[in-house]
Structures are given as C-alpha cells and as structure tokens.
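Undergrad: Chains as they are written, first to last, in my numbering: chain A, 565 to 820; chain B, 565 to 820. Glycine residues also receive a C-beta, built at the ideal position from the N, C-alpha and C atoms.
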DNA sequence: AGCGATTTGTACGTATGTATG
DNA sequence: CCATACATACGTACAAATCGC
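#1: Are residue 688/B and residue 707/B close, meaning C-beta to C-beta below 9 Å?
#2: Using the Cα positions of residue 624/A and residue 589/A, report the straight-line distance between them to the nearest angstrom.
#3: Counting only Cβ pairs nearer than 9 Å, list the residues of chain A close to residue 806/B.
#4: Using a Cβ-Cβ cut-off of 6 Å (strictly less than) and excluding sequence neighbours within five positions of residue 627/B, which residues of its own chain qualify?
#5: For the stretch 795-808 of chain B against the stretch 639-654 of chain B, are there 3 or more C-beta pairs whose distance is under 8 Å?
#6: Using the DSSP secondary-structure output, state which residues sit across from residue 740/A in a beta bridge.
#7: Assuming residue 601/A and residue 746/A form a contact by the criterion Cβ under 8 Å, report the distance between their Cβ atoms to the nearest whole angstrom.
#8: With 9 Å as the threshold, decide whether the Cβ of residue 655/A is near any Cβ in chain B.
#9: If you measure beta-carbon to beta-carbon, which residues of the stretch 740-769 of chain A are closer than 9 Å to chain B?
#10: Given that a residue counts as buried once 16 or more other Cβ atoms are within 10 Å of its Cβ, and exposed if not, what is residue 633/A?
#11: What residues match up with residue 665/A in a beta bridge as DSSP calls it?
#12: Helix, strand or coil: which one does DSSP assign to residue 789/B?
#13: Is residue 715/A helix, strand or coil by DSSP?
#14: Provide the residue span of the alpha helix (DSSP H) that contains residue 803/A, from first to last.
#15: Report the residue from 804/A, 774/A, 606/A whose alpha carbon sits nearest the alpha carbon of residue 785/A.
#16: On the three-state DSSP scale, how would you describe residue 599/A?
#17: Could you spell out the range, first to last residue, of the beta strand (DSSP E) harbouring residue 765/B?
#18: Which one of 714/A, 751/A, 722/A, 712/A has the shortest CA to CA distance from residue 698/A?
#19: Would a check of beta-carbon distances place residue 713/B closer than 9 Å to chain A?
#20: By a C-beta neighbour count over all protein chains shown, 10 Å radius and 16 as the cutoff for buried, is residue 807/B buried or exposed?
#21: Step through the CB atoms of chain B and report whether any lies within less than 9 Å of the CB of residue 782/A.
#22: For residue 578/A, which of helix, strand or coil comes out of DSSP?
#23: Looking at the unbroken beta strand (DSSP E) that takes in residue 648/A, where does it start and where does it end?
#24: How is residue 675/B classed by DSSP in three states: helix, strand or coil?
#25: In the structure shown, what three-state DSSP assignment does residue 778/B receive?
#26: Which of helix, strand or coil does DSSP assign to residue 771/B?
#27: Against chain A, which members of the stretch 585-608 of chain B pass a CB distance test of less than 7 Å?
#28: Under DSSP, the beta strand (DSSP E) around residue 643/A begins and ends at which residues?
#29: Taking CB distances under 9 Å as the criterion, tell me whether residue 811/B reaches chain A.
#30: Alpha carbon to alpha carbon, what distance is there between residue 743/A and residue 700/A?
#31: Using a Cβ cut-off of 9 Å (strictly closer), state whether residue 785/A contacts chain B.
#32: Do you know whose CA, among 717/B, 704/B, 715/B, lies nearest residue 738/B's CA?
#33: Under three-state DSSP, which class holds residue 634/A?
#34: Can you give the Cα-Cα distance for residue 693/B and residue 790/B, rounded to whole angstroms?
#35: Residues of chain A with CB closer than 8 Å to the CB of residue 698/B, please, in chain order.
#36: Since residue 718/A and residue 776/A are thought to touch, with beta carbons under 8 Å apart, how far apart are those beta carbons, to the nearest angstrom?
And the structure:
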C-alpha cells in the first residue's frame with residue numbers, strides 16, 4: 565500500500581461529514597475505507613507509525629491512537645516489533661459485525677462467504693416500507709451466506725428504489741463477497757452511520773425454506789437490521805434468515 | 565474520595581503481578597480495586613485528571629489513558645466539563661437489561677413482569693458447567709417472564725453454589741420482579757460488570773415446552789448470557805427460552 | 001550468540017480546543 | 001465572561017519485541 569493512495573483517500577473523504585471529527589478518527593475511518601474497498605488487502609502490512617506520521621499531516625501520537633482504535637475494533641492487528649497488519653480472514657468486516665457466529669471453543673469467529681443471487685426491483689410491502697420513506701419501488705439485493713461451509717443463510721437488503729436505481733445495472737453489486745454498505749458509501753456517497761438490530765424466532769418464508777431446502781413452517785432465527793445514514797435518515801433495511809443450527813450468534817461485542 | 569487513600573491503595577497493590585505492568589494499567593487496576601472494596605462509591609466523582617497527575621507519580625497523559633481505559637469498560641463515565649464518575653447502579657442496570665422487546669411502533673419497550681418459580685440446588689451438567697468454575701453444586705433460579713401479557717418466557721440463572729448458598733433461604737430471592745443482578749450486587753457485593761450474549765434458534769426443552777403449553781419439538785429463541793464479575797471472573801450463566809412470537813428483541817448495536 | 005535496524009509500546013510534557021456550570 | 005475539567009494534538013524520549021546479519 566503506497567502512502568500516496570492513502571493520502572488521497574483521506575483527502576477525498578474530508579470536507580463534509582468528516583470535517584468536525586477528531587483527526588485520529590478521520591485517519592481511522594480513512595484506513596477503514598481503504599480496507600473495505602480493497603486498497604488495503606487482508607493480511608497486508610501497513611506503513612510504520614513513524615512513516616505515516618512523517619508522510620501524512622498527523623503526529624505520531626495521533627497515528628498511534630488511530631491504529632489502536634482500529635485494533636480495538638478488530639480491523640487491524642498490531643504486533644510489537646513487526647508492524648500493523650490488516651486482519652486476515654475478515655472476508656467482510658462489515659458482515660462480521662452482524663454475523664458473529666462463534667466457533668466451538670467460543671473464542672474465534674466462523675468465516676462467512678457471501679454470494680449475490682439477485683438484484684431486482686420490488687414493490688411489495690413489508691417491514692421495510694414502514695421504515696424506509698415511502699417510495700414508488702424498492703431495490704432488493706438477495707444474497708446467499710455460507711457460514712463456515714456448515715450451513716447457509718439468506719440475506720435480503722431493501723433500499724429506496726429511486727435513489728439507488730443505478731445498482732440494477734452495476735456489475736459491482738453482483739460481485740461475490742461484496743460489501744453492500746461499502747458499495748453504498750463508495751458509489752452513492754451514502755455511508756451507514758448507525759444500525760439498529762432486532763432478532764426474533766420467526767417462521768421462515770416459503771421461498772426461503774425452498775431455497776435452503778428446509779421443511780415448510782419451521783421457525784428460524786431472523787435478524788432485522790435497520791441502517792441509518794446522514795442526519796439519521798433511514799437508508800437500508802436488511803433481513804437475514806438463519807435456519808436452526810448448532811451455532812450461536814454473539815450479539816454483544818466483548819472488551820477483555 | 566481523598567487522593568491519599570487512592571495513593572495508598574495504589575502502593576498497596578504493587579509488588580506482585582502489577583510489577584511488570586504498564587503504569588496506566590496499574591493506575592486503572594488501582595482505581596478498579598478502590599471501587600470493588602467500596603472506597604469509591606457508586607456515582608462518586610473522581611478527582612480531576614490534572615489533580616491526579618499532580619498528586620500521584622503519573623503524568624497527565626498516563627492518567628488520561630487509565631481513565632479512558634476504565635471508561636471503555638464501563639467502570640466509570642467521563643463527562644466533558646464535569647468530571648469522571650464511578651458508573652452508578654442504574655446506569656449499570658440499564659446496560660445489562662436484556663429483555664428489550666420493542667413495541668409495535670418500534671419506539672418504546674414492552675413491559676416485562678418476572679416471577680420466581682423456583683430456587684434450588686442442582687448438580688446437573690450443562691453449558692454453565694463449562695463456564696462457571698467447577699463447583700460441588702450450583703444454584704438455579706427459575707423465573708417466569710411475562711412480556712406485556714402477550715406471551716411468556718422462561719429464564720434460568722445458574723450460579724456457583726458455595727458462594728451463593730444463602731440465596732436458598734433469602735426471601736428476597738423469591739420476590740416478584742426482583743432483579744437478580746441487583747440482588748447479587750447488593751447482598752453479595754458481586755456486581756455483574758460485563759456480559760456476553762449469544763442467541764440461537766434451538767429446540768425448546770421438554771419441561772419448558774410443558775410449562776409454556778407449547779407443542780413439543782418446536783424451535784424458539786434461546787438466549788445464553790454469561791455474566792462476569794470483578795477481575796473478569798465468571799459469575800452467572802443465564803438461559804432464556806423465548807417461544808415464537810410476533811415481537812422482536814432489540815440487540816445492542818455494535819461499535820460504530 | 002551478539003549486534004544493530006526497525007517497529008510498536010509506554011511515558012512524559014505541553015498546548016490548545018470545547019463543553020459545562 | 002470565567003473557572004473547571006475533559007478531549008484532542010503534537011513532539012520527544014526511551015523501552016521492548018522482532019528480524020536479519
């Protein structure tokens with residue numbers, strides 16, 4: 565990763581919402597974005613602290629604080645005497661923020677692999693119509709989520725149609741392991757700033773049961789994730805259908 | 565809280581495992597201990613950063629780091645322009661509230677009414693035996709949870725037996741609408757400082773199904789809540805069985 | 001094993017910004 | 001407006017871990 569790119573990414577993401585943010589958070593978000601859009605790859609080593617401090621308009625202390633901030637959130641790993649590295653095996657950090665299936669020993673997280681199965685217009689009603697503003701139509705992104713090759717879940721993201729019509733033709737929206745929230749931020753300058761999560765045991769819909777080869781009418785775990793953007797405006801409504809399985813979903817972050 | 569006491573507590577807690585610890589952690593642990601033994605009371609205001617830095621052999625930056633460390637873990641609350649305060653009981657309680665069923669409009673929370681149905685010794689195994697330390701026996705507190713008179717759930721709290729034997733005879737443990745964690749904190753000076761929550765769609769056990777008048781073998785929402793006390797020691801293991809219902813449970817959003 | 005070079009971790013001191021009463 | 005107190009930022013120095021020679 566060249567520093568110039570990072571510097572460019574940082575300067576590109578200022579001016580608006582970042583203006584009144586502390587510098588260490590600006591740097592932290594800039595690096596986070598670079599990770600999400602793939603400029604910084606999984607496992608890649610970042611430039612050293614002093615190098616960053618020298619080339620960018622940040623002091624060493626500020627760089628350190630930004631990196632520690634990212635390390636606390638699991639985006640990077642810092643190793644004494646070696647360097648700072650993008651956390652590997654985080655195929656999608658954003659996804660893992662919601663899909664934290666625990667491994668057997670309860671210490672690690674299971675890897676997840678996502679695949680887009682459909683991007684289409686929809687006009688039908690549902691919980692998203694009560695959350696998103698009233699629109700002529702909505703865009704639904706269907707994804708298949710493979711958890712550790714053990715079982716699969718179905719994710720459906722609903723977006724206000726008129727604003728995101730371009731998604732229907734954007735090949736990036738159909739790529740594997742795509743991060744929807746990163747896509748919205750990059751392509752539409754619509755970052756998700758806050759989410760509200762709800763969970764319930766609901767009967768799996770017929771089409772989901774069919775797709776996952778389940779019996780009809782059984783109950784599964786269903787997540788509802790409301791995404792808010794600038795000025796706390798409703799931005800996205802995601803529903804994740806998880807079939808019954810032996811794994812448990814962690815719903816709170818842990819600080820040791 | 566007088567600085568002299570804190571200084572004494574800090575000097576008393578050195579020499580052993582603290583010797584090779586960073587200074588900011590030593591200070592952090594010292595303050596934490598002062599809270600544990602009651603020298604610093606709930607809601608009490610700590611001396612200012614600069615005051616601490618002046619009176620104790622710590623620089624301002626080190627004091628700030630120690631206080632931020634405690635604030636991140638919820639032991640203290642820092643308020644700009646006001647000061648740093650020991651987290652009070654009510655705040656802790658709200659943080660640890662788990663049954664956040666949302667009302668129809670999604671804005672308010674549904675009222676819950678709890679009723680203790682049994683307090684008894686148990687020696688049987690389960691997920692709690694792997695979490696709590698090995699004990700001769702455990703204490704199980706069964707509760708019936710009525711959510712807005714719409715449906716009922718079952719909660720089972722497992723505690724290490726020897727330490728909490730008194731609960732078997734304590735009438736307060738059988739009172740209605742009692743908060744178990746508040747009870748542990750007040751009666752046993754054993755506050756729950758951190759929880760890890762997991763959720764899954766599991767088959768409801770036979771006795772729970774019978775108690776709730778459900779068909780056998782159906783899946784419900786099952787919460788597993790691990791409670792940690794001082795020094796991050798395992799304190800309680802709670803399992804909540806929620807039958808399928810129309811309401812959704814709000815889970816805490818992740819770090820933004 | 002020793003010795004530097006590099007890199008993160010800790011600590012200190014100082015200055016300035018900003019929220020609160 | 002002022003005093004207080006936390007929040008941010010910068011600069012410096014040294015300690016400790018790691019790697020390659």
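TA: With the given structure in hand:
#1: Their beta carbons are not under 9 Å apart, which means residue 688/B does not touch residue 707/B by this criterion.
#2: One C-alpha to the other measures close to 14 Å.
#3: By Cβ distance, chain A contributes 764, 765.
#4: Spatial neighbours of residue 627/B in its own chain (CB-CB distance under 6 Å, excluding positions within 5 residues in sequence) are listed in chain order as 613, 616, 617.
#5: With contact defined as three or more Cβ pairs closer than 8 Å, the stretch 795-808 of chain B and the stretch 639-654 of chain B are not in contact.
#6: None; residue 740/A has no bridge partner.
#7: Indeed they touch by this definition, with Cβ atoms about 6 Å apart.
#8: Reliability of the predicted coordinates at residue 655/A is poor, the pLDDT of 46 falling under 50, and the value obtained from them is presented with this limitation in mind. No - not a single Cβ of chain B is within 9 Å of the one on residue 655/A.
#9: For the stretch 740-769 of chain A, the residues whose beta carbon sits under 9 Å from a beta carbon of chain B are, in order, 757, 758, 759, 760, 761, 762, 763, 764, 765, 766, 767.
#10: Classification for residue 633/A: buried.
#11: Residue 665/A pairs with 813/A.
#12: The DSSP-derived three-state label of residue 789/B is strand.
#13: Strand at residue 715/A.
#14: Element bounds for residue 803/A: not the alpha helix (DSSP H) but the beta strand (DSSP E), 798-806.
#15: Residue 804/A is the option with its Cα nearest to residue 785/A.
#16: In this structure, residue 599/A counts as helix in the three-state DSSP scheme.
#17: The continuous beta strand (DSSP E) containing residue 765/B extends over residues 758-767.
#18: Closest by C-alpha distance to residue 698/A, out of 714/A, 751/A, 722/A, 712/A, is 722/A.
#19: With 9 Å as the cut-off, residue 713/B does not count as an interface residue toward chain A.
#20: Residue environment analysis places residue 807/B among the buried positions, since at least 16 neighbouring C-beta atoms fall within 10 angstroms of its C-beta.
#21: At least one chain B Cβ lies under 9 Å of residue 782/A.
#22: Because the pLDDT of residue 578/A is 49, which lies under 50, any placement of that residue in the model is unreliable, and the question is left without a value.
#23: Unbroken beta strand (DSSP E) run through residue 648/A: 647-650.
#24: The answer is coil: DSSP assigns residue 675/B none of H, G, I, E or B.
#25: Coil.
#26: Assigned with DSSP and collapsed to three states, residue 771/B falls in helix.
#27: Going along the stretch 585-608 of chain B in chain order, one finds no residue with a Cβ nearer than 7 Å to chain A.
#28: Where residue 643/A is concerned, the enclosing beta strand (DSSP E) stretches over 640-643.
#29: So yes, residue 811/B belongs to the interface.
#30: Straight-line Cα distance between these residues: approximately 26 Å.
#31: Judged by the 9 Å Cβ criterion, residue 785/A is in contact with chain B.
#32: Considering only 717/B, 704/B, 715/B, the residue with the shortest C-alpha distance to residue 738/B is 704/B.
#33: Looking at residue 634/A - three-state DSSP - the assignment turns out to be helix.
#34: Going from the Cα of residue 693/B to the Cα of residue 790/B covers about 12 Å.
#35: Residues of chain A passing the Cβ test: none, with the nearest at roughly 17 Å.
#36: With 8 Å as the limit, residue 718/A and residue 776/A qualify as a contact, their Cβ atoms being about 7 Å apart.
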